Amino acid sequence: MGIDEQFIAEMMIPDGVHDQKSDWTIFFLNQVPENTVTNSLIDDDPVTSGEEQPLLYVLNLVRTVKNPNARRGANVKALALCTPHPYLHIFKPILTMALDDYFVQPDVQCLARLFDAVNAMDISRAPVLSRDEMLIMRATERKDVFAEKFFGTELLADVIAKDGRTTGPHDSISSSISMDTFDTDLVAGVRSRKSSFTSNSAHSHSPPTSLAMKNDDSNEDFTSKPNGDSATRTSFDRMSVASSVHLGNRGDNSSTGHGSTAPATRKIINSRDTHFYTSFVRYYTRLKEGYLDLPVHCPLFTFPEEVGDFSLIKLINTFSSSNPVLGSVTSYLHSQGPQTHPLVVLFNALVTQKRILFLGQRCAAGDVANFVLAACAFGAGCSVLRGFTKRAFPFVGLFHTRVLEDLDDFIAGASNPVFETVPIWDVLCNINTGRITVRKDIENPPPPPPLPPTTHLSSVERIGQGIGASIPSTAGIGGTGAFPAPPSGLAPKSSVLRGEDDESRGGSKKMDESENSDTMLMEDISAVIQHHAGELLVRARVTDYVQRFVRLTARWENEVEKATEIDHPSRPYIDGHLGSGVTFIDEALVAREMPSNSWRIHAWRGNSYYKAYCHDFRAHLENRHIKHIDINHLVSRLRYGRNMSDSEAELIMRSLTAYVREYHEIVELLALVPPHHGGITPLCFGLFHPDANIRDLTVDFMTNLRSYPIGLQFLGGLNYFHRFGYVRLAQQRELGAAKHSNGSGETNGLSRSPKSTQGAATVASPNRPPLEVASEGKVIPASLELPLEYHLPPYEEARLASKVGKVVPALTKVPHKLPSPEAVDASDQAIDELNGFLRELNLQIHDHPELSWDVKYAHDTLTTFMEKQGFQVTRHYLADQLPANTAWRAEFLLPTKSGKPLTVVGLNSEMDALPGIGHACGHNLIAVIGVAAAVGLKNAMEKYSIPGRIILLGTPAEERGVGKVHLLKAGAYQDMDICLMAAAHATLCEITITETESLKDVRSDQVLSDEFGAIMTNRHGYPYSSHAETGASTDFGNITYELPAIHPGFAIPTTPNGANHTPAYTAAARTQEAHERAVAVSKGLAALGLRALLDEEFLQIVKEGFKKRELV
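Counting with numbering that gives the first Met the number 0, you get residues 0 to 1111 for the letters of the sequence shown.
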């Protein structure tokens, strides 16, 4: 193995083991030559010469069983697991069971069973989150954050209910996911609502931090109870396993995310907390009588410096300010002199790489190890710095002193009191007494260079952000303090924070000269611990503190070295050029602290932690998604800027609108604005700016956020005033655009009754304005759903033509009639007879979401179905003229005896889904509507000998790829007289437009719309208000400019927060009621097609009206 076996044995059988019945320890491999393993034990590619081996984490369980016949009166055995994952505590249950077996039968087979069981655990389908996504996930308690990344894996698997019935995947999701409230408030006009993103409502709980099975969906909240009693705090040291729960066959599909399929018969855990990926370990007992499937919940949001289930609260409570630091007073450890808080001394010792020893006499080895692991996270700020665990030895014995004494720095734990007298440590942390001692003869580093005698501060450096609510410029690589804040009024702010808040508001409150950022940290941490706010908030405060230390270092480098390697260069906004670099809200405080911080800053800059941070920052600059601007600086300016000019504010908002457009750009920005620091509220202050341009830019920025599920969740965290301000401005702009282009206009919507809008998402989205094309060729989706009181006035027949000022003649009103009610009945009956098959087809498309042109499954499934219905099907239609071969065409014709040209009714079936969240636009419904309408129309034509021709096109790439534009250019629509397609989505998705693929707004034919509305109202009980133009932009819009066509929308029931492009809408699109409404729409389209085939006068009016509109 290449390991000193005695070294490992001493790690596995720690000191004091005879005093404990059972003890857990953690240690690492590949730190020193004595514990470095060979490449043969690592699955990854062999490490090249000169390259460091990756750190491996070892979880060890040792148990002592008293036995008077045994040597030393007890049997002691230990088992350990080695893993590359820092969350190794998830293996505690199986290690416990394996050690039980090993005591009964200590043989190789027992070890082999343990080895096989652990290595068979499948995490290949776990979502892989980026660093920014992990920071966002840490910031929220929502159980559905990034739920779209689970689609196709755990969240889409069928759940076996207790009564044996199979529940649909999205039925399960919809009951557990807490959706955003932003779109719901817009539609229903809700005046106030708690944000489920930041509130402590029933839908917002702390993510479970133990591995306990929560079959009752209960969670422990970290807030205070209403009666004032402290709620139970979440902990990181509890573990339980529901061994009676068995997971069935997982299947062979190991793909992640979108497009993968979960086996229909799988049993999975009811938990739907996306903070964790649920897998299992199948362990066979020693008697091989059966096996147990042990569920394990792998956290998706932890960083390498967070190992195991340690507690920062315990570390902070142990080394409190009531126990002054003993020993020597040094300039770089005691940054505030002899009164420096013990934890500040510990942090300084950690970042300056001193030899630190935690000593706990007669303490369990696991308890001592947790102090060491907590110290590693404390020094790293959890997610800011790295390298601490590489130098950590969570528990050592006297045998290991020969290794430690050769190291320049380490963080170690021990229980043997002899270590207090062994001269290998610089800082001793006594767990029993809570005192920290600095060795008297500790070596002092060289003094730092002197600070400039006079500091000239630029205007940008006087305007920044507060200490406790910092958004540092280095947050892009170090992260933010991404944990939930306590509820309002839970923890009082320290005087430092209060002073900074006053400064940010232009107040004149002055801070006490004795206060500093270290005091602030201690006050805040003490307050949250006293109010039982929990581990997460404490970690957030520690993260804030370490980030501020990094920012102080960047400022120090700018002043002393005239340049910094860990941040952007500091410069203010000048002459239309944005500023960059670190900012602070109180420069007087920074100036006071800089001399006392110089020593520890200088010491940190000389060690490996600083070099690693420099490397990370350079990598961040190379790989960041938001280019050309210092996004952290802009966020800081919006958060705490004072006396900001209108020109700077406008340029900042214009930059956000221009550079923060795509998903990864959105995520990178949102990682800098966690909810406990106010979320995106500072970015939305422009809604109330006196400058109209700034208000418009803010609306554009917020509208773009709505294009993404994570953006909707952050928007849901805004207060009522920001929400209402956004709705009001967007509505005003829409009204202005409508009056300018149309004079007025009525929306197109299909719903059971006006009341249904309260409980259903109106898919046809009333009042969605057209997309606005930006100068860079991107589209700003300026669409939104407005409260009912903001709806536009009814459509008027006389409209103003856009831009030219001409009046469009009123189109001829055609009375509604059904030339052959019997034929319509036959069509409806044919659709009803196939309803069961249509439902199955609907679910097949829904449960196999595919993207853009890559809709192979939908292509094959739909064409096979249409062939069985007697249509002439062309698979891979126009493949030589399209970007892919997944379009298809189904045709049926019944010729006339006279040989007259046939009327051609065109229909469309869309197939593609959205990345990550599946069919959140309802294309599974649109596909079935096209198929059902074609089948119903064909049946009526055959039964009553109605000549005509049906062309049903399977159209890929509506969401991304403008598929119908390509089909139109290839001639797919040239034979059609009319074209019909339902709208189960109002095209909220963002589309990139190029010169060859420009989209047009939908110009629904009014005569066809009127007739369809009459059919739906009179025959199916759906009140329908038709109009000539929807104002939306989709690839079907181009079709409406080439031939008479309609794009009617219909509503499906969903959750209050289930707007388009959300997981809730995906779930709603799968329900039986959504299917039934789609079937009703298909009947209406088939009836409309029958009138076009039977009523030549009606068809002629449609064609003439289309020609007249072309001439305007």
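We treat Cβ as the ideally placed atom computed from N, Cα and C, and that holds for glycine.
If you're wondering where the values come from, they're calculated on a predicted model, not measured in any experiment.
Check: Straight-line gap, S414 to I12 (C-alpha atoms, nearest Å); Outcome: 13 Å
Check: Of the residues E621, R604, A539, the one placed nearest H567, counting alpha carbons only; Outcome: E621
Check: Neighbour-count burial assignment, V61, 16 or more Cβ in a 10 Å radius; Outcome: buried
Check: Per-residue DSSP class, three states only, for S223; Outcome: In this prediction, S223 scores a pLDDT of 32, lower than 50, which makes its location untrustworthy; the coordinate-derived value is nonetheless stated afterwards. It is a strand residue.
Check: Cβ pair E667, R727 closer than 8 Å; Outcome: no
Check: Bridge-paired residues (DSSP) for L374; Outcome: Checking the sequence, you will find Ala at residue 374 rather than Leu. Answer by DSSP bridge pairing: none, since A374 is not bridged.
Check: Which of helix, strand or coil DSSP assigns to E4; Outcome: helix
Check: Unbroken alpha helix (DSSP H) run spanning D22, endpoints; Outcome: Note, D22: premise wrong, no alpha helix (DSSP H); beta strand (DSSP E) at 21 to 28.
Check: Whole-angstrom C-beta distance between H688 and A657, which should lie under 8 Å; Outcome: Not really, about 18 Å apart at Cβ, beyond 8 Å.
Check: Cβ-Cβ distance between S327 and I441 below 8 Å; Outcome: yes
Check: P323 beta carbon near the ligand MG (any heavy atom closer than 7 Å); Outcome: As presented, the structure is devoid of all ligands, the ligand MG included, so that no description of it is given.
Check: Backbone CA spacing between T563 and T420 [nearest angstrom]; Outcome: 42 Å
Check: N- and C-terminal bounds of the beta strand (DSSP E) containing I871; Outcome: The sequence shown places Gln at residue 871, not Ile. That run of the beta strand (DSSP E) goes 871 to 873.
Check: Residues near V344 in its chain [Cβ-Cβ closer than 8 Å; skip 5 each side]; Outcome: V324, L332, H333, V426, I435, V437
Check: Coarse secondary structure for V127, derived from DSSP in three states; Outcome: coil
Check: K937 to F720 span [Cα, whole Å]; Outcome: 54 Å
Check: For A763, the three-state DSSP class (helix, strand or coil); Outcome: Bear in mind that a pLDDT of 32 at A763, under 50, signals an unreliable position, so the number given afterwards is only what the model happens to contain. Here A763 sits in coil by DSSP.
Check: Beta-carbon gap between A981 and L842 smaller than 8 Å; Outcome: no
Check: Beta carbon of H845 nearer than 8 Å to that of H965; Outcome: no
Check: Own chain, CB closer than 6 Å to R1108, minus 5 neighbours either side, in chain order; Outcome: none
Check: Whole alpha helix (DSSP H) elements within the segment 369 to 419, 4-residue minimum; Outcome: 400 to 403
Check: For L906 and I89, the rounded distance between their alpha carbons; Outcome: 54 Å
Check: Simplified DSSP state of H852, which is helix, strand or coil; Outcome: According to the sequence displayed, residue 852 carries Trp and not His. The answer is coil: DSSP assigns W852 none of H, G, I, E or B.
Check: Nearest candidate by alpha-carbon position, reference S595, set Y943, P447, S569, G710; Outcome: P447
Check: Sub-8 Å separation of F391 and C375 beta-carbons; Outcome: One detail in the question is off: residue 391 reads as Ala in this sequence, not Phe. Yes, these two residues count as a Cβ contact at 8 Å.
Check: Residue environment, G478, which counts as buried when at least 16 other CB atoms sit within 10 Å; Outcome: Summary for G478: the model assigns pLDDT 34, below 50, so the residue's position carries little reliability; its value from the coordinates is reported in the next sentence. With 16 or more other Cβ atoms within 10 Å, it is buried.
Check: Buried or exposed (CB count within 10 angstroms, at least 16 for buried), D115; Outcome: exposed
Check: With 16 other Cβ atoms within 10 Å as the buried cut-off, status of F870; Outcome: buried
Check: Through-space distance from T351 to V538, alpha-carbon basis; Outcome: It should be pointed out that residue 538 corresponds to Arg in this sequence rather than to Val. When rounded, the distance between both Cα atoms is 21 Å.
Check: Integer Cβ distance of V1006 from V854, believed to fall under 8 Å; Outcome: Not really, about 33 Å apart at Cβ, beyond 8 Å.
Check: Rounded separation between G970 and N718 - CA only; Outcome: 51 Å
Check: Candidates R540, V934, P955: closest to T885 by CA position; Outcome: P955
Check: Boundaries of the alpha helix (DSSP H) in which A825 is found, first to last residue; Outcome: 820 to 832
Check: Cα-Cα separation, F418 to K76; Outcome: 25 Å
Check: Own chain residues within Cβ distance below 7 Å of E147, not counting five before or after; Outcome: P708, G915, I916, P1062
Check: Chain-order list of residues whose beta-carbon lies under 6 Å from that of R354 (same chain, five-residue window excluded); Outcome: D408, F409, W424, D425
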